[in-house]
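Each residue of the sequence shown is one higher than the last, beginning at 38 in this note's numbering. We put the beta carbon where it would ideally sit given N, CA and C, even for glycine. Please read all numbers here as calculations on a predicted model, not as lab measurements. Everything below concerns the one structure shown next.
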Amino acid sequence: MKIPKILIFFCGLFFLAQASWAQLRIEVIGGGATQIPVSIVPFRAEEGLAQRLTPVVAADLARSGLFKIVDPGGMNPVPHEPEQLNYPQWRARGADAVVIGAVTKTRDGRYDIRFRVMDAVKQTQIAGFVYFATESQLRLTAHKIADVIYEKLTGDTGVFATRITYVVKRGPRYELHVADADGFGAQTVLSSNEPIISPAWSPDGTRLAYVSFEQKKPIVYVQSLTTGSRRAVAAFRGSNSAPAWSPDGRRLAVTLTRDGGSQLFLINADGSGAPVRLMQSTAIDTEANFSPDGQSILFTSDRGGGPQIYRIPVSGGAAQRVTFEGSYNVSPRHSPDGKGFTFIQRNNGRFNVAVQDFASRQVQVLTDGGVDESPSFAPNSKIILYATEVGGRGILSAVSSDGRIKQRLTADVGDAREPAWSPVVNK
């Protein structure tokens with residue numbers, strides 16, 4: 038989605054909606070224990086498209102680590118309809134599923150894209166869909182096709198058509214970017230000479246909350262990705278930081294020091310009204326994160342002596358400690374399915390991504406990089422995006438929630454930090 042450009046410039050600050058020079062490159066460095074063999078046959082009449090569909094679909098599935106892409110080359114004729122499939126030939130190649138389709142240009146200039154997911158073992162159709170797309174929507178449509186295939190073959194929701202946001206530091210400048218989940222089509226939303234941190238997606242995927250230091254102090258802003266407009270929603274005395282959206286998109290939990298120490302407050306997402314303090318505490322409380330049902334909040338606090346993760350009802354009440362393994366646990370983020378949360382755990386001086394299940398309280402450390410930070414779940418709860426360092430350079434990485442599949446996302450230029458994964462929304 039192209040964000041309208043707003044012609045504003047002040048204090049070294051730019052609001053931008055232009056393609057970023059810092060695209061992300063993705064390297065898969067781990068795979069699932071078992072991979073589903075699938076062949077993506079080039080769709081009929083896609084050769085002349087500005088953006089071919091099937092290479093994007095195949096790349097998405099391969100990047101997930103859950104699929105083995107079977108080469109469709111050499112089949113004659115190339116199948117585009119079910120009756121053209123020679124199932125024994127596809128089974129001989131090792132394919133369990135075959136994706137076929139066709140593209141037709143309509144009178145209004147759009148493209149009619151039809152595809153089917155076929156079971157090569159049972160020789161039946163698993164799914165069939167039709168999409169209508171403009172030329173600018175072809176890549177997004179390919180991601181949606183990959184999502185359908187992923188869901189039908191794994192049983193889990195696909196996240197290829199989602200987006201990510203992150204901060205890139207290039208020289209003295211900080212840039213807030215939004216890109217497709219595969220790193221393509223990065224747009225610079227904000228550029229500043231001062232730090233930008235803690236971006237967070239609104240539940241409908243149309244707004245970002247973030248902290249900017251452009252006024253020489255941390256202030257929380259909310260910016261529309263459709264109009265580019267923004268407003269300061271927390272600019273109180275002292276520090277304003279760590280915004281987290283409520284599931285209904287109406288409120289933000291923020292950390293304020295206006296009364297002295299770092300405390301959690303609830304504010305309206307449009308900046309109206311007065312902040313409401315969540316609890317009375319003399320400890321440092323920060324990094325709030327709403328549960329998917331909006332009933333409780335996880336947060337980091339040193340009230341027990343060292344940083345640990347606690348939970349409190351949104352309506353207020355006593356905070357309960359939820360992490361007990363290790364002396365340093367911070368940056369909690371609920372899994373969208375509500376079954377657990379991810380966080381950063383320090384062990385022997387190394388900071389790694391971990392997950393904890395609410396029911397069993399079992400903790401699993403997923404990474405071994407040692408300098409990991411800012412974990413963020415994908416909307417299907419199956420992947421965690423986070424920031425780390427390789428060779429002294431900041432990059433983004435991703436790990437599956439079971440730790441088996443790992444990816445690296447490296448910007449062409451600069452250091453990438455502060456990632457957050459968007460919800461599943463229609464773009």
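Three-state secondary structure (DSSP) at residue i?
i	result
Val115	coil
Tyr211	strand
Pro350	strand
Ala246	strand
Glu188	helix
Ser364	coil
Arg445	strand
Phe47	In this predicted model, Phe47 has a pLDDT of only 30, less than 50, meaning its place in the structure is not dependable; the value taken from the coordinates is given anyway. Reduced to three states, the DSSP call for Phe47 is strand.
Arg383	strand
Ala157	coil
Lys42	Because the pLDDT of Lys42 is 28, which lies under 50, any placement of that residue in the model is unreliable, and the number read from its coordinates should be weighed accordingly. Of the three classes helix, strand and coil, the one that applies to Lys42 here is coil, per DSSP.
Gln126	helix
Ile182	helix
Pro255	coil
Asp97	helix
Pro412	strand
Pro280	strand
Arg287	coil
Thr199	coil
Trp58	Because Trp58 carries a pLDDT of 44, less than 50, the predicted location of this residue cannot be relied on, and no value is offered for it.
Leu303	strand
Pro460	coil
Looking at C-alpha atoms only, which residue of the options is the closest neighbour of residue i?
i	options	result
Gly146	Phe169, Arg130, Ala216, Gln121	Phe169
Phe197	His117, Thr447, Ala415, Val427	Ala415
Ser377	Asn277, Arg348, Asn385	Position check: residue 377 holds Gly in this sequence, whereas Ser was assumed. Gly377 has its Cα closest to that of Arg348, out of Asn277, Arg348, Asn385.
Thr191	Pro284, Asn417, Ala448	Asn417
Arg314	Ala272, Arg153, Ala290, Ile73	Ala290
Gln126	Val158, Ala99, Tyr148	Val158
Thr319	Arg176, Gly298, Ser328, Ala311	Gly298
Ala87	Phe166, Arg176, Asp219	Arg176
Gly310	Phe302, Gly375, Met316	Phe302
Pro412	Phe388, Arg387, Thr379, Ile432	Thr379
Thr71	Pro373, Gly341, Phe104	Phe104
Ser266	Ile106, Val226, Phe273, Thr294	Val226
Val154	Glu188, Asp322, Gln300	Glu188
Gly131	Arg144, Pro329, Asp156	Asp156
Asp21	Gly386, Pro240, Lys419, Arg151	The structure shown does not extend to residue 21, since the chain is modelled only from 38 through 464, so no value can be given for it.
Arg151	Ala279, Phe166, Phe388	Phe166
Asp193	Ile420, Pro119, Asp452	Ile420
Ala179	Leu90, Arg144, Pro284	Leu90
Arg144	Asn277, Asn389, Thr171	Thr171
Val204	Ile163, Ala237, Pro373, Asp307	Ala237
According to the neighbour-count rule (16 or more other Cβ atoms, all chains shown, within 10 Å of its Cβ), is residue i buried or exposed?
i	result
Ser459	buried
Ser352	exposed
Val270	buried
Pro255	buried
Thr161	exposed
Thr263	exposed
Pro92	exposed
Phe327	buried
Ser101	buried
Val450	exposed
Pro114	exposed
Thr360	buried
Ala448	buried
Arg268	exposed
Glu251	buried
Name, in chain order, the residues that DSSP records as bridge partners for residue i.
i	result
Phe169	Asp149
Phe336	Tyr347
Val427	Arg430
Val75	Ile106, Ala134
Gln357	Arg348
Val402	Ala391
Thr141	Asp149
Gly298	DSSP output for Gly298 lists no bridge partner at all.
Thr323	Thr337
Ser261	Arg244
Asp452	Lys206
Phe221	Looking at the DSSP assignment, Phe221 forms no beta bridge with any residue, so it has no partner.
May I ask whether a heavy atom of the ligand FAD can be found less than 8 Å away from the beta carbon of residue i?
i	result
Phe361	Of ligands this structure carries none, so the ligand FAD is not represented either.
Can a CB atom of chain B be found closer than 9 Å to the CB of residue i?
i	result
Leu403	The structure shown contains no chain B, having only a single protein chain.
Does the stretch 397-405 come within contact of the stretch 430-447, defined as at least 3 CB pairs closer than 8 Å?
They touch, by the three-pair rule.
Quick check: the stretch 133-142 against the stretch 81-92, are there 3 or more CB pairs under 8 Å?
yes
Report yes or no: do the stretch 240-260 and the stretch 207-227 share at least 3 C-beta pairs separated by less than 8 Å?
yes
Do the stretch 365-372 and the stretch 336-345 meet, that is, are 3 or more Cβ pairs less than 8 Å apart?
yes
Would the stretch 70-79 and the stretch 126-135 be scored as touching if the rule is three or more Cβ pairs under 8 Å?
Touching, per the Cβ criterion.
Counting Cβ pairs, one atom from each stretch, are 3 or more of them under 8 Å apart for the stretch 173-190 and the stretch 85-103?
yes
Would you call the stretch 329-342 in contact with the stretch 417-427, where contact means no fewer than 3 C-beta pairs closer than 8 Å?
no
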